[in-house]
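Numbering (the numbering used here), first residue to last: 2 to 133.
Positions of the beta carbon are idealized from the N, C-alpha and C atoms, including for glycine.
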């Protein structure tokens with residue numbers, strides 16, 4: 002069983018954003034147990050690109066609508082995630098024969114993203130939302 006199981010303490014109080022985050026929890030568990038052959042990692046990278054585009058747009062729109070004071074700093078972290086993902090994609094294209102190492106690195110990064118970004122940075126705007 003994965004350490005990364007969703008529960009309500011991870012909720013930011015917005016159903017759509019919580020659903021996005023639940024999807025990321027699911028993706029981490031899926032990647033932990035995946036057989037990374039036959040282009041599966043390329044599929045995961047594509048799903049992460051979709052996640053980043055859709056989720057970050059949704060989250061940034063929410064933060065903007067409530068005039069969240071740390072908006073610019075939060076957006077910088079989203080952009081760093083997108084840059085990291087682009088690097089992963091480029092690395093995978095150049096070294097597709099090593100999906101296990103790249104997959105392991107992706108999973109470790111996503112686990113860190115959950116604990117450092119979602120559990121810390123996103124909880125700050127949750128608290129701001131609940132106060133306003």
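- Non-local beta-carbon contacts of residue 53 in its own chain, meaning distances under 7 angstroms to residues more than five positions away in sequence, involve 82, 83 and 86 in chain order.
- A residue is called buried once 16 or more other Cβ atoms fall within 10 Å of its Cβ, and residue 73, having fewer, is exposed.
- A straight line joining the alpha-carbon of residue 115 with that of residue 29 spans about 10 angstroms.
- A residue is called buried when at least 16 other Cβ atoms come within 10 angstroms of its Cβ; residue 75 meets this threshold and is buried.
- Taking 7 angstroms as the cut-off, the beta carbon of residue 108 is found closer than this to the beta carbon of residue 32.
- Following the DSSP letters along the chain, one finds residue 100 inside the alpha helix (DSSP H) bounded by residues 100-114.
- Rounded to whole angstroms, residue 45 and residue 103 show a C-alpha spacing of 11 angstroms.
- Residue state for residue 47 is assigned as helix, using DSSP reduced to three classes.
- Only residues of its own chain outside the window of five on either side were considered, and among them 11, 12 and 13 have a CB closer than 8 angstroms to the CB of residue 19, listed in chain order.
- It is roughly 7 angstroms from the alpha-carbon of residue 64 to the alpha-carbon of residue 126.
- Contact between residue 25 and residue 111 holds, since their C-beta atoms are separated by about 7 angstroms, short of 8 angstroms.
- Here DSSP, grouped into helix, strand and coil, assigns residue 6 to coil.
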